[in-house]
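**Q** Let me begin by handing over the structure; questions about it come next.
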Amino acid sequence: NSWAQLLRARNGVLSHLFPTGSSVAQTVTQTQPEMSVQEAETATLDCTYDTGDSNYYLFWYKQPPSGELVLIIRQEAYKPQNATQNRFSVNFQKASKSFSLKISDSQLGDAGMYLCAFASLTVIGATERGLQKPQTSVLMQRSGEVFRVTRTLRGNRCVFWREKTFFSD
Numbered sequence: 001n002s003w004a005q006l007l008r009a010r011n012g013v014l015s016h017l018f019p020t021g022s023s024v025a026q027t028v029t030q031t032q033p034e035m036s037v038q039e040a041e042t043a044t045l046d047c048t049y050d051t052g053d054s055n056y057y058l059f060w061y062k063q064p065p066s067g068e069l070v071l072i073i074r075q076e077a078y079k080p081q082n083a084t085q086n087r088f089s090v091n092f093q094k095a096s097k098s099f100s101l102k103i104s105d106s107q108l109g110d111a112g113m114y115l116c117a118f119a120s121l122t123v124i125g126a127t128e129r130g131l132q133k134p135q136t137s138v139l140m141q142r143s144g145e146v147f148r149v150t151r152t153l154r155g156n157r158c159v160f161w162r163e164k165t166f167f168s169d
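Once you know that position 62 of the sequence shown is 62 in full-length UniProt numbering, the rest is easy, because the numbers rise by one and skip nothing.
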């Protein structure tokens, strides 16, 4: 059996992460369902945003099962070229307000939840897996075993647990 990994992109919108005086709504949206990707394949995660600002930054973060957010890549809105970082690249379309992440040559370590985020001088916004639905999971498969790592948001606390399930081919 080959390793499979799950890249998580979940429905969610969060606007005005921090209060501002701006009257323009700033939103970041990810609507892709979870996806399973084989090693060495390419994965693309979609993100759209809405802003009235002209100068801003867009980010992709990864949250592995350990729970720590890791910055993968950043795009400045004023730069016409798409950002690249090792196996990660973005397709930034300012006119259509689209910001996709492309992961080339996928590896097992790429499994996790992915977060698209927006920042300007006045507003910071992000879509967070699990803000609208309080429970999220990451699946990884290896040789007939499924490991499910689940995070439940309870107020400002995160509770983690791991469940191991065996299955036959």
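Every residue gets a Cβ at the ideal spot worked out from N, C-alpha and C, and that includes glycine.
Nearest to residue 185 by alpha carbon, out of TYR114, TYR56, ALA119 and ARG87?
**A** The question about residue 185 has no answer, for the chain in this structure spans 1 to 169.
**Q** Which residues share a DSSP beta bridge with ILE103?
**A** ILE103 is bridged to ALA43 and PHE88.
**Q** If you run the structure through DSSP and keep just helix, strand and coil, what is LEU108?
**A** DSSP places LEU108 in helix when its eight states are reduced to three.
**Q** Grouping DSSP H, G and I as helix and E and B as strand, with all else coil, what is GLU34?
**A** If DSSP states are grouped into helix, strand and coil, GLU34 belongs with coil.
**Q** Could you work out which residue in THR44, GLU39 and LYS79 is closest to CYS116 when comparing CA atoms only?
**A** Ranking THR44, GLU39 and LYS79 by Cα distance to CYS116 puts THR44 first.
**Q** The beta strand (DSSP E) with GLU68 in it runs from where to where?
**A** That residue, GLU68, is in no beta strand (DSSP E); it is neither H nor E in DSSP.
**Q** On the criterion of 16 or more Cβ atoms from any shown chain inside 10 Å, does PRO80 qualify as buried, or is it exposed?
**A** With fewer than 16 Cβ atoms within 10 Å of its Cβ, PRO80 is classed as exposed.
**Q** Looking at LYS62 and ILE72, is the spacing between their C-beta atoms short of 7 Å?
**A** A contact, by the Cβ cut-off of 7 Å.
**Q** Could you tell me the alpha carbon to alpha carbon distance between SER106 and ASN55, rounded to whole angstroms?
**A** If you take the alpha carbons of SER106 and ASN55, they lie about 32 Å apart.
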